[in-house]
Amino acid sequence: DGGITQSPKYLFRKEGQNVTLSCEQNLNHDAMYWYRQDPGQGLRLIYYSQIVNDFQKGDIAEGYSVSREKKESFPLTVTSAQKNPTAFYLCASSMAPNRANTEAFFGQGTRLTVV
Amino acid sequence: AQSVAQPEDQVNVAEGNPLTVKCTYSVSGNPYLFWYVQYPNRGLQFLLKYITGDNLVKGSYGFEAEFNKSQTSFHLKKPSALVSDSALYFCAVRDMDTGRRALTFGSGTRLQVQP
């Protein structure tokens, strides 16, 4: 069954801790994305990767880091430098970058809460 | 820079009545436009997209959208609303003429269909 899997579904972080959100896809997509969703603000782009071993900052990259060592995986680390990390995080993927007319497919999201 | 505006935070409609959710966009080049739907605590589901050609695009669950280049709009429509259509709807754009391949999303419109 093809799709995007995000884990965990819920995550609690203490102040000053780094946490890593997992995103795995078996759609054979080249491009992967991380978005943050806050109430009333829609989705904002954190990082994206068009190909393995390459990634670019999005609009709100400060306090986050990513890696893309495998085509299937694009983990997001929320570092202690991110001052307001409580949000709903969505991972997405799409076909090759030069096929920009294709839609992105989304995972079910991870809700991160700072306690 | 590309951007999307969804001017209504919420749209209320009675079941059986037609619905419209508004979206306007701004890109420097030619747009690819998308509509997604989100149910509570879930990821986004793709509804439909405009790439080129016919200005009226048909999508999933009876939804359609009308592309209007002169008004830079891409409004989502459905002839007869269902209570189950109640959800959060996002419009998104990808500018073909820039290097940025990630989708840019609007702030979302909550659709409430009353029985």
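For the record, the sequence lines run as chains A and D.
Here the numbering used here is used: the first sequence runs in plain steps of one and ends on residue 1330.
Here the numbering used here is used: the second sequence runs in plain steps of one and ends on residue 117.
Even glycine gets a Cβ: it sits at the ideal position worked out from N, Cα and C.
Owing to the predicted nature of the structure, the values given are computational and were not obtained by experimental measurement.
Worksheet item: Does Gln73 (chain D) have its Cβ less than 9 Å from a Cβ in chain A?
Response: Under the 9 Å criterion on CB atoms, Gln73 (chain D) is classed as non-interfacial with respect to chain A.
Worksheet item: Given that a residue counts as buried once 16 or more other Cβ atoms are within 10 Å of its Cβ, and exposed if not, what is Ile1266 (chain A)?
Response: It is exposed - the Cβ of Ile1266 (chain A) has fewer than 16 other Cβ atoms within 10 Å.
Worksheet item: Between Asn14 (chain D) and the rest of its own chain, which residues show a CB-CB distance below 6 Å, the 5 nearest in sequence each way excluded?
Response: Excluding residues within five positions, the ones whose Cβ falls inside 6 Å are Gln114.
Worksheet item: Is the Cβ of Glu1318 (chain A) closer than 9 Å to any Cβ of chain D?
Response: Cβ-Cβ to chain D under 9 Å: yes for Glu1318 (chain A).
Worksheet item: Is DSSP giving Asp87 (chain D) helix, strand or coil here?
Response: Correct three-state label for Asp87 (chain D): helix.
Discussion item. Are the CB atoms of Ala67 (chain D) and Ala16 (chain D) within a distance shorter than 9 Å?
Written reply: The criterion of a C-beta distance shorter than 9 Å is not satisfied by Ala16 (chain D) and Ala67 (chain D).
Fill in: Residue-level contact to chain A via CB, Phe69 (chain D), 9 Å cutoff
No, because no Cβ of chain A sits closer than 9 Å to the Cβ of Phe69 (chain D).
Worksheet item: Taking Cβ-Cβ distances shorter than 7 Å, what residues in chain A pair up with Ser5 (chain D)?
Response: By Cβ distance, chain A contributes nothing, its closest Cβ being about 11 Å from Ser5 (chain D), past 7 Å.
Practice prompt. May I ask you to verify whether the stretch 81-95 of chain D touches the stretch 103-112 of chain D, counting CB pairs closer than 8 Å and requiring at least 3?
Written response: Result yes; three or more Cβ-Cβ pairs closer than 8 Å.
Discussion item. Rounded to whole angstroms, what is the Cα-Cα separation between Leu1305 (chain A) and Pro117 (chain D)?
Written reply: Cα to Cα, Leu1305 (chain A) sits roughly 31 Å from Pro117 (chain D).
Practice prompt. Give the residues from the stretch 87-115 of chain D that approach chain A closer than 7 Å (Cβ to any Cβ), ordered along the chain.
Written response: Correct list: Phe92, Arg96, Met98, Arg103, Ala104, Leu105, Phe107, Gly108, Ser109, Gly110.
Worksheet entry | Alpha-carbon to alpha-carbon, Ala1246 (chain A) and Ile1219 (chain A) | For Ile1219 (chain A) and Ala1246 (chain A), the gap between their C-alpha atoms comes out near 12 Å.
Worksheet item: Glu1230 (chain A) to Glu1277 (chain A), Cα distance in whole Å?
Response: A direct Cα-to-Cα measurement between Glu1230 (chain A) and Glu1277 (chain A) gives close to 17 Å.
Worksheet item: Should the stretch 1318-1330 of chain A be regarded as contacting the stretch 57-76 of chain D, the criterion being three or more beta carbon pairs within less than 8 Å?
Response: Counting Cβ pairs under 8 Å, fewer than three are found: no touch.
Practice prompt. Would you kindly report the start and end of the unbroken beta strand (DSSP E) that includes Met1247 (chain A)?
Written response: Per DSSP, Met1247 (chain A) belongs to the beta strand (DSSP E) from 1246-1253.
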